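Here is the structure we will look at, set down as structure tokens.
There are 2 protein chains.
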Amino acid sequence: MKSHKTAAAFGAVLRELRKQQSLSQEKLAFESGLDRTYISLLEVGQRSPSLETMLALSRALQIPLAYLASLVEARLVESSDDRRNAS
Amino acid sequence: MKSHKTAAAFGAVLRELRKQQSLSQEKLAFESGLDRTYISLLEVGQRSPSLETMLALSRALQIPLAYLASLVEARLVESSDDRRNAS
DNA sequence: GTGTAGACTGCTGTCGACT
DNA sequence: TAGTCGACAGCAGTCTACA
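Next comes the structure, spelled out in structure tokens:
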């Protein structure tokens, strides 16, 4: 298996952040200067972003890049847990 | 102008972190699973990384992705100062 | 030990259209 | 409002080789 895990983690985080601000994909696309269909691809985990793209999104969401990164990182460790001690 | 600024910022940060650990590009390439020549391209600001690449590098450098991101962000604000009020 | 170049593969990101 | 599809341009990332 190919592990597009990072794309999935990023997509989940992006969707959460967007919904927290009650933005539509369309609005976020506009604010970030990215394509609407691409935002969709990101959220469903079909694409994984470049650094430039992450910066554009963090600006549109008005959060620091480091915060975005920390959320993605957290998702990644979660998803890689053993499920041996997981409650 | 095309602003490969983020590539330059990232490259500078990467080089700094690598030197702090006294690693060669070769060693870092090996640890991260990336190509040696690509590490070089990153450091000179000729390429800008994907999320996956940033993750590989942060692991090789044994630092959180969020920390790497914060350093890049800091470089970016520095380089975007007006030089009007800059001392 | 590093920078660079050329050639190549695959994926990112855009666009229009339909569901 | 959001997911997807096909086609496309451009760039990320590899490899060999040389300075």
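Order-wise, the sequence lines are chains A and B.
Everything in the first sequence is counted per numbering that gives the first Met the number 0, starting at 0 for the first residue and increasing by one.
Everything in the second sequence is counted per numbering that gives the first Met the number 0, starting at 0 for the first residue and increasing by one.
The beta carbon of each residue, even a glycine, is placed where N, CA and C say it ideally should be.
As the structure is a prediction and not an experimental result, all values here were calculated from the model.
Close partners of A:A65 in chain B (Cβ separation under 8 angstroms): A65, Y66, A68, S69, E72. Secondary structure remark: continuous alpha helix (DSSP H) runs of at least 4 residues inside the region 42-77 of chain B, in chain order: 50-59. Note that the C-beta distance between A:L50 and B:P63 is not below 8 angstroms. In terms of beta-carbon proximity, B:E77 stays away from the interface with chain A, with every pair separated by 8 angstroms or more.
Interface annotation, B:T36: not in contact with chain A, CB-CB separation never under 8 angstroms. With a threshold of 8 angstroms between beta carbons, A:F29 makes no contact with chain B. A direct Cα-to-Cα measurement between B:V12 and B:T5 gives close to 11 angstroms. For A:L33, no alpha helix (DSSP H) encloses it, and the DSSP letter there is neither H nor E. Its Cα nearest to that of A:E42, the residue A:E15 stands out among A:E15, A:S31, A:Q19. Under the Cβ criterion of 8 angstroms, A:E15 is not counted among the residues facing chain B. In this structure, the alpha-carbon of A:S21 lies about 10 angstroms from that of A:L27. At least one CB atom of chain A sits nearer than 8 angstroms to the CB of B:S49. Within chain A, the residues placing a beta-carbon under 7 angstroms from that of B:L54 are T5, ordered along the chain.
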